[in-house]
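Here the structure comes first, spelled out in structure tokens, and everything after it is commentary.
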Amino acid sequence: MAFKKAAIVGLALGWAVSVFMAQEARKPLVRRDLLVFGSGEIAAPVRDIFRPRATALPAVRRTGGPAVRSAAVSQPDASPSFNLNLSYIGSIKSGGQIIALVLRNGQTVSVGEGDEIAPGYKVVGVTAEAIVVQGPNSERKTFPLKGDRP
54 MAFKKAAIVG LALGWAVSVF MAQEARKPLV RRDLLVFGSG EIAAPVRDIF RPRATALPAV
114 RRTGGPAVRS AAVSQPDASP SFNLNLSYIG SIKSGGQIIA LVLRNGQTVS VGEGDEIAPG
174 YKVVGVTAEA IVVQGPNSER KTFPLKGDRP
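Each residue of the sequence shown is one higher than the one before, starting from 54 at the first, in the working numbering.
Rendered as structure tokens:
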């Protein structure tokens, strides 16, 4: 008889604890505000972030005569400003190298040190707290990590 009472009390206590835990507000694991919901197709990945490059890409050499500049292409007189818009949203440490996850033009892109984000914009430093990008005129800009910090 005592066993039945203890079992009923145990079940009631377990039910009360589960109801209490279900009502407690928890922080979500996925940051939905950083996700981009689009109606278009997903672009092909630039590279596999889980397989870091061991060597640099081979240089492409063109055969033929010397390069000739076209008269239609003119060099601007004023230097362009640093106009790269991106958000540093996270990083992955793989093979002793830190790979940065950046949000650019609505897409998440993984880049490492030495990678080119856009024409003329190269990643020169990656840490867990910030990413440093060098622009076309050798000016550098630091993008701090966005989002929650543990």
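Virtual Cβ for every residue (Gly too), placed ideally from N, Cα, C.
A residue is called buried once 16 or more other Cβ atoms fall within 10 Å of its Cβ, and V179 is buried on that count.
Residue state for F103 is assigned as coil, using DSSP reduced to three classes. The Cβ atoms of V176 and G159 do not sit closer than 8 Å to each other. Across the set I142, K57 and K194, the C-alpha of I142 shows the shortest separation from the C-alpha of V83. For the pair V186 and L137, the CB atoms are nearer than the 8 Å cut-off. Under the three-state reduction of DSSP output, A171 falls in the strand class. The C-alpha of Y174 lies about 34 Å from the C-alpha of P81. By DSSP's assignment, G143 forms a beta bridge with L154.
Excluding sequence positions up to five before and after I152, its CB lies within less than 8 Å of the CB of I102, P105, S144, I145, K146, S163, V164, G165 and V179, all in the same chain and listed in chain order. Annotated three-state conformation of R193 is strand, per DSSP.
By the 16-neighbour rule on beta-carbons within 10 angstroms, I61 is exposed. DSSP lists V185 as the bridge partner or partners of G178. By alpha-carbon distance to E169, the top candidate from R100, K199 and F56 is R100.
Only residues of its own chain outside the window of five on either side were considered, and among them P197 and L198 have a CB closer than 8 Å to the CB of E182, listed in chain order. For the pair L88 and A59, the Cα-to-Cα distance works out to about 49 Å. With fewer than 16 other Cβ atoms from the protein chains shown falling within 10 Å of its own Cβ, L64 counts as exposed.
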